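Notes follow once the structure below has been shown.
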Amino acid sequence: AIMTNHRLTKRGAEPWVVIDICLLAVPLAIIGARIFHVVTHWGFYSVPAEHLAIFYIWEGGIAIFGALIGGAIGAWLGCKWTGIRFWTFADALAPGLLLAQALGRFGNWFNQELYGLPTDLPWGLQIDYPNPAWPVGLEDLVQGPHTNLRDRASVALLDIFCGSADSAISSFARTYLYSFTLGRLSG
C-alpha cells in the first residue's frame with residue numbers, strides 16, 4: 414500500500430486513497446482466491462461429506478488467479494467509489510503486487526508446497542520426503558524450483574525492463590498481467 418500510495422499521489426490522487434480501495438479489493442481477492450481453488454478442485458469439494466470444507470480456508474487452498482480476479486473486481490469498485498481511474502490505480506499497484514508475489518513465493522518455498530519436476534541442476538531445491546504436497550508415485554529426489562524461481566525471475570525481469578513506468582499509463586499493469594499469465598501457461 415505504501416508503494417501504491419506513493420505512485421498514486423505522484424499522479425495527483427489524494428494521499429492514502431489506496432486504503433479506501435483496499436477495503437474492497439483485499440477481501441474480494443481472498444474470496445476470489447478461495448472460489449477459484451474450489452472450482453479448480455471441484456472433484457474433492459463435490460463429495461457431499463466435503464461440502465462444508467468449501468468454507469474451511471484455514472485448511473489451505475487459495476489460487477492466485479482467483480485473487481487477481483477478485484482483487485481486480487474489488488479495486489474496480491473501490492475506484493468507482495473514490496473517483497480514481499481503474500487503470501491508473503492498476504498501474505500504480507503493479508510494482509507493489511510484484512513485490513508481494515515475490516515475497517509470497519519465498520513462503521511457498523519455506524512451506525515446501527510448490528515445486529517443479531525432478532532435476533539435477535545446481536539450483537534444484539531439496540524437498541523433505543514424505544511431504545503432504547508430494548506427488549503420488551514420485552520418489553525422493555531434488556525438485557526443480559519451477560514455480561518459485563520462475564515467478565521470482567519474472568518479477569526481477571519486469572523490474573529491470575519496466576522501471577517505474579510513470580510515463581505510460583497502465584503499461585506496467587499490462588506487462589505484469591501478460592507476463593504472469595504467459596509464465597503460468599508456459600510452466
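Numbering of the sequence shown is given in this note's numbering, commencing with residue 414 and proceeding in unit increments. Quick reminder that beta carbons are idealized off the backbone N, C-alpha and C, glycines included. Predicted model only: the values in this text are computed from it and were never measured.
For residue 466, collect the residues of the same chain with a Cβ closer than 8 Å to its Cβ; drop the 5 residues on either side in sequence, then sort them by chain order.
Numbered from 1 along the sequence shown, position 53 holds the residue referred to as residue 466. Excluding positions up to five away in sequence, the list reads 457, 458, 472.
Spell out a yes or no on whether the segment 493 to 510 and the segment 444 to 464 are touching, meaning 3 or more CB-CB pairs, one atom from each, closer than 8 Å.
Between the segment 493 to 510 and the segment 444 to 464, the count of Cβ pairs shorter than 8 Å is below three; the stretches do not touch.
Residue 428 in three-state terms, based on DSSP
Within the sequence shown, residue 428 is the residue found at index 15, counting from 1. Residue 428 falls in the coil class under three-state DSSP.
Distance CB(residue 431)-CB(residue 414) smaller than 7 Å:
For the purposes of this step, residue 431 is taken as residue 18 along the sequence shown, with counting starting at 1. For the purposes of this step, residue 414 is taken as residue 1 along the sequence shown, with counting starting at 1. In this structure, residue 431 sits near residue 414, with a CB-CB distance shorter than 7 Å.
For residue 508, which residues does DSSP report across the bridge?
For the purposes of this step, residue 508 is taken as the residue at position 95 of the sequence shown. None, per the DSSP bridge assignment.
Residue 509 and residue 417 closer than 7 Å at C-beta
As a first step, residue 509 must be located in the sequence shown, where it is residue number 96. As a first step, residue 417 must be located in the sequence shown, where it is residue number 4. Contact flag set, yes.
Below 6 Å CB to CB, which residues in the same chain sit around residue 445 once its five sequence neighbours on both sides are set aside?
As a position in the sequence shown, residue 445 is number 32, starting the count at 1. So the list reads 479, 480, 482, 483, once near-sequence residues are dropped.
Selection from 505, 535, 490 that minimises the alpha carbon distance to residue 436
Here residue 436 corresponds to residue number 23 of the sequence shown, with the count starting at 1. Of the candidates 505, 535, 490, 490 places its Cα closest to the Cα of residue 436.
Between 476, 426, 464, which has its C-alpha nearest residue 448's C-alpha?
Locating residue 448 in the sequence shown gives position 35, counting from the first residue. If you compare the alpha carbons of 476, 426, 464 with that of residue 448, the shortest gap goes to 476.
Span separating the alpha-carbon of residue 424 from that of residue 440
What you label residue 424 is simply residue 11 of the sequence shown in a count that begins at 1. What you label residue 440 is simply residue 27 of the sequence shown in a count that begins at 1. Each residue's Cα considered, the two are about 26 Å apart.
So, with DSSP's three-state summary, where would you put residue 498?
Counting from 1 along the sequence shown, the entry for residue 498 is found at position 85. Here residue 498 sits in coil by DSSP.
Please state whether DSSP places residue 485 in a helix, a strand or coil.
Here residue 485 refers to the residue found at position 72 of the sequence shown. DSSP places residue 485 in helix when its eight states are reduced to three.
Taking only three categories from DSSP, how would you classify residue 469?
Position 56 of the sequence shown, counted from the first residue, corresponds to residue 469. If DSSP states are grouped into helix, strand and coil, residue 469 belongs with coil.
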